[in-house]
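Those protein sequence lines, which keep their order, are chains A and B. So the numbering used here is basically just the index in the first sequence, starting at one, shifted up by 1444. So the numbering used here is basically just the index in the second sequence, starting at one, shifted up by 12. Yeah, the Cβ is synthetic: ideal placement off N, Cα and C, and Gly gets one too. Working notes, structure below.
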Amino acid sequence: MSPEPLLQVAGLVKSFGGFVVLDGLNFHVMPGEILGLVGPNGSGKTTCINVITGLYKPQAGSITYRGREVGGLPSHRLVHLGINRTFQVPKPFLPLTVRQNVEVAVAYGRPDGGAVDIDALLASVGLDGHGGKPAAALNSIQQKMLDLARALATGPRLLCVDELAAGLNPGELDSVAQRLRELARGGMGLLVVEHLMGFIDQVTDRVIVLNAGREIFEGVLAEAVRDRQVVDVFLGTDHDD
Amino acid sequence: MRSALVTVAAVVAAAALLPLVYANQLLLFNFVVFLTLAQGVNIIYGFTGYLPFGYVGFFGAGAYGFSLAVMHLHLAPLPALACAAAAAVLLGLLLTPLLRLSGAYFAIANLAASQAMFQIISNPNLTDITKGPYGISLSGVFSPNLSYGVAVAILAATLGVMVFLRHSRFGLALQAIREDPVTAGMAGIDVVRGRTLAWLLSAVAAGSIGGVFAWYVSVFYPETVFSPEFSIFAIVFALFGGIATITGPILGVVILYGIYNGIGISAPQYFQLIYGVLIMVLVLFLPNGIVSLFKRWGIDVP
Ligand SMILES: Nc1ncnc2c1ncn2[C@@H]1O[C@H](COP(=O)(O)OP(=O)(O)OP(=O)(O)O)[C@@H](O)[C@H]1O
Ligand SMILES: [Mg+2]
């Protein structure tokens, strides 16, 4: 018996006004798997995460999480079911301390009310010693790490990561990559959006390539770079790597 | 937490004891009313970011909830106060769709809603029920000392709610919602529910104190208890002192309402203008009020 996917997206459609951003998207994520989601700017990667995490309702198609249809549920319900994400541009609760930012996610994001070692969690994202500061005092990289800690505080089984690596130095990239691999080893499924191909190569088991809201490739990254269509899309529009 | 409780105890004790040494009980009563309303504004604005320009709607709903319960149901004042709070909650529930609006749109819609309430209640066709424009007279329950004491109790309860919000998970969740509702949702917070609860809490505060206002004065007109001045003053006092703190709105009321009573009574029209300008200046240049100056100087205030 083949294991059931953690997340199954089928025929997902989302448009803004008349502008179709997700155009019948299909993919799945297995437990313990890191799926890379790559594509040129504006191809719909963030929108895909936004729909999966309840910011927008899908207009058509289904989002099945652990065997249950979750499309259109409000964010906090999805969080309670074990879905979380980081934001491309994080917006932490600025006047609250770093610790309170995580505390509130622990208090409200875990229906079981399970205890979390907040200090250890902050240390695991490189924010040890910052707990007492207001989040406003963090730089943008640290705010991204706080956003990751906020997501992890809710104990997700599915974590969507939106351009977490952008702006990190090589040392930080390495430690974040290791952290994500570690999470996957613990059984978490991850959907990782990233422009840095080196990072994608390092962390993902499999990638799908998105263009104009449709998947045009699914497989390992090494094959993707040999795919005619993928090369056209990236050479035509993208500027990274 | 300790310093917050000390502050609350001091304010409540002062409000309770001052009538023994100071003869103008009406003035003290008005201070208690504004201390409560400013904290009510604090709950909704300080913890969710919605600026309630029609906050007086809850106050008026409370005043009429109380009066109708006394006139038509022949209730004693205390159960009638429960009706005052219930009337405000009912209005609050009716207005929850406004919480979908953002910023200025919410403020304007809320102002319009409070004016609509005034128009409905003062409608001559409803004279049998509300006494329409002719106003309310409740001389049968008139009892200044008792109603003053109950007003102080309502102030104490409202301050208690503020202390709770400042030191509880729920207060933290409300601040998270104010900062960023999308991130708050991803922290597992039910944003709609949190906003609604804060909105209803602030409605209860204004409705209860509105009810006790009707009881204390016993004779009033619809324009008295729906005067936009209540909203504006409560907002200015809260903003001036500093929202999302307990001390801020208290300082705001004591200082600004003190000045108003010292020199403003003779020329109130200037004060409306001055306070209108003050709102803009505060929102733009000192959004966290004068208590933020204390914090800048390293003095911690609850
Ligand atoms: N709320 C919105 N309203 C209108 N258009 C939107 C909205 N959100 C996204 N879009 C549009 O949808 C398209 C896809 O945006 P999206 O943010 O999903 O792209 P992306 O793949 O994440 O791009 P990037 O790599 O630049 O982050 C863009 O053209 C964007 O302008
Ligand atoms: Mg994006």
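Would you call the region 1652–1663 of chain A in contact with the region 1488–1503 of chain A, where contact means no fewer than 3 C-beta pairs closer than 8 Å? yes
For H1683(A), three-class secondary structure by DSSP: Note that H1683(A) scores 46 on pLDDT, short of 50, meaning its location in the model is unreliable; the coordinates nonetheless yield the value given after this. In the structure shown, H1683(A) sits in coil (DSSP, three-state: anything other than H, G, I, E or B).
On the criterion of 16 or more Cβ atoms from any shown chain inside 10 Å, does M292(B) qualify as buried, or is it exposed? M292(B) is exposed by the Cβ-count criterion.
Just to make sure I have the definition right: I need the residues of chain A whose C-beta is within less than 8 Å of the C-beta of L184(B). Which are they? L1540, Q1544, E1547, V1548 and A1551
Taking K1588(A) as part of the beta strand (DSSP E), name the residues at either end of that continuous run. Per DSSP, K1588(A) belongs to no beta strand (DSSP E); it is in the alpha helix (DSSP H), S1584 to A1597.
Could you tell me which chain B residues have their CB closer than 8 Å to the CB of V1523(A), listed as they occur along the chain? Going along chain B in sequence order, the residues near V1523(A) (Cβ under 8 Å) are G197, M198, A199 and G200.
Taking Cβ-Cβ distances shorter than 9 Å, what residues in chain A pair up with D312(B)? Those within 9 Å of D312(B) in chain A number zero; the least Cβ separation is about 14 Å.
For a test of your reading of the model: does the CB of F1460(A) fall under 7 Å from any non-hydrogen atom of ligand 1? Yes or no. yes
Please classify T1508(A): does DSSP put it in a helix, a strand, or coil? When secondary structure is reduced to three states using DSSP, T1508(A) falls in the strand class.
Excluding the 5 residues preceding and the 5 following I311(B) in the sequence, name in chain order all residues of the same chain whose CB lies nearer than 7 Å to its CB. none
Counting pairs of Cβ atoms below 8 Å between the region 1449–1458 of chain A and the region 1494–1508 of chain A, do you hit three or more? yes
For T208(B), list the residues DSSP reports as bridge partners. The partner list for T208(B) (beta bridge, DSSP) is empty, contrary to what the question assumes.
Where do the N-terminal and C-terminal ends of the beta strand (DSSP E) with L298(B) fall, by residue? It is not in any beta strand (DSSP E) - L298(B) carries neither H nor E in the DSSP assignment.
Closer than 9 Å at the beta carbon, the chain A residues around Q187(B): F1537, P1539, L1540, Q1544 and V1548
My output table needs one value for G1480(A): the three-state DSSP class, helix, strand or coil. For G1480(A), the secondary structure class from DSSP, reduced to helix, strand or coil, is strand.
Any non-hydrogen atom of ligand 2 within 7 Å of K1489(A) CB: yes
Against chain A, does E191(B) count as a neighbour if the rule is that its beta carbon must be under 8 Å from one of theirs? By this cut-off, E191(B) is an interface position.
Is V1465(A) close to ligand 1? I mean its beta-carbon at under 7 Å from any heavy atom of the ligand. Yes; taking the cut-off as 7 Å, the Cβ of V1465(A) has a heavy atom of ligand 1 nearer than that.
In whole angstroms, give me the CA-to-CA distance for D1467(A) and V1653(A). 14 Å
From this set, M13(B), W227(B), V203(B) and T257(B), which residue's C-alpha is nearest R112(B)'s C-alpha? V203(B)
Pick from G69(B), L171(B), G74(B) and P145(B) that is closest to S27(B), judged by C-alpha positions: Residue 27(B) is actually Ala in this sequence, not Ser. The shortest Cα separation from A27(B) among G69(B), L171(B), G74(B) and P145(B) belongs to L171(B).
Classify R1554(A) as helix, strand or coil using the three-state DSSP reduction. coil
Ignore the nearest five residues each way along the sequence and tell me which others in D1685(A)'s own chain have a CB closer than 6 Å to its CB. At D1685(A) the pLDDT is 46, less than 50, meaning the model places this residue with poor confidence; the figure from the coordinates comes in the next sentence. M1641.
Closer than 8 Å is the cut-off here; do at least three beta carbon pairs connect the region 27–43 of chain B with the region 90–103 of chain B? The region 27–43 of chain B vs the region 90–103 of chain B: no contact.
Just to confirm, is the Cβ distance from L110(B) to F118(B) under 8 Å? At a Cβ-Cβ threshold of 8 Å, L110(B) and F118(B) count as neighbours.
For Q1544(A), is the classification buried or exposed, using 16 other Cβ atoms within 10 angstroms of its Cβ as the cut-off for buried? buried
Rounded to whole angstroms, what is the Cα-Cα separation between R1554(A) and E1547(A)? 11 Å
Grouping DSSP H, G and I as helix and E and B as strand, with all else coil, what is L85(B)? Coil, per DSSP.
Tell me, which residues are paired with D202(B) by DSSP? DSSP lists no partner for D202(B).
Does any heavy atom of ligand 2 sit closer than 7 Å to the C-beta of D1561(A)? Between ligand 2 and the CB of D1561(A), the shortest heavy atom gap is not smaller than 7 Å.
Thinking T19(B) and I258(B) are a contact (beta carbons under 8 Å), I'd like their distance in whole angstroms, please. 6 Å
Short CB-CB distance (under 8 Å) between R181(B) and chain A: yes
For a contact meaning CB atoms closer than 7 Å, what does S1519(A) contact in chain C? Protein chains in the displayed structure are A and B, and chain C is not among them.
Buried or exposed: Y146(B), going by 16 or more other Cβ atoms within 10 Å of its Cβ? exposed
According to DSSP, is H1524(A) helix, strand or coil? helix
Could you name the residues of chain B that N1528(A) contacts, counting a contact when the two beta carbons are closer than 8 Å? M198
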